[in-house]
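Colleague: The structure follows.
In my numbering, the protein residues as written are 118 to 267.
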């Protein structure tokens, strides 16, 4: 699977995510790839909306995980920025969430590459201008490089 989109605004990014999320069935791990300010949380807002979640969606930077329940599928939104070892990952409860048949979405997923399975969907967001982004959705494992990881 490989899909490429060009977004020229946060509204377009949310709409791309909303359309994508309607195909999710539960059990998926979504690995965000992209640096600060790329639009990962914006994508998450659209994803949550597409899964019929109507509450607020915010970055889990300080909480490590935000749970969004009440929609078609539960969503578990992780920030893996400070997670660098298996023990760190285990302490977040990540492995317990895998059993809930929801959607796990991980920002800074490159830090837990060792734990990403075959069902991982990568959302790669690349800046192309002040408000424009390329969004690539793929199930192919990503190699870290300077162009992708800002």
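Cβ atoms here follow ideal geometry from the backbone N, Cα and C, with glycine treated the same way.
Report the rounded CA-to-CA distance for residue 242 versus residue 152, giving the unit in angstroms.
Modeller: Residue numbering aside, residue 242 sits at position 125 when the chain shown is read from its first letter. Residue numbering aside, residue 152 sits at position 35 when the chain shown is read from its first letter. When rounded, the distance between both Cα atoms is 8 Å.
Colleague: Apply the 10 Å Cβ neighbour rule to residue 128 and answer buried if 16 or more other Cβ atoms are within range, or exposed otherwise.
Modeller: Start at 1 with the first residue of the chain shown, and residue 128 comes out as number 11. Label assigned to residue 128: exposed.
Colleague: Going by the beta-carbon positions, is the gap between residue 120 and residue 224 smaller than 8 Å?
Modeller: Counted from its first residue, the chain shown places residue 120 at position 3. Counted from its first residue, the chain shown places residue 224 at position 107. No; because the gap between Cβ atoms is not below 8 Å, this pair is not in contact.
Colleague: Give me the residue from 205, 176, 251, 253 with the minimum Cα distance to residue 231.
Modeller: By one-based count along the chain shown, residue 231 stands at place 114. For residue 231, the nearest C-alpha among the options comes from 205.
Colleague: Give the range of the alpha helix (DSSP H) segment to which residue 132 is assigned.
Modeller: Your numbering for residue 132 matches position 15 in the chain shown. Counting along the chain, the alpha helix (DSSP H) containing residue 132 begins and ends at 127-138.
Colleague: Checking the sheet assignment: what are the DSSP bridge partners for residue 146?
Modeller: As a working mapping, residue 146 is identified with position 29 in the chain shown. Bridge partners of residue 146 according to DSSP: 221, 237.
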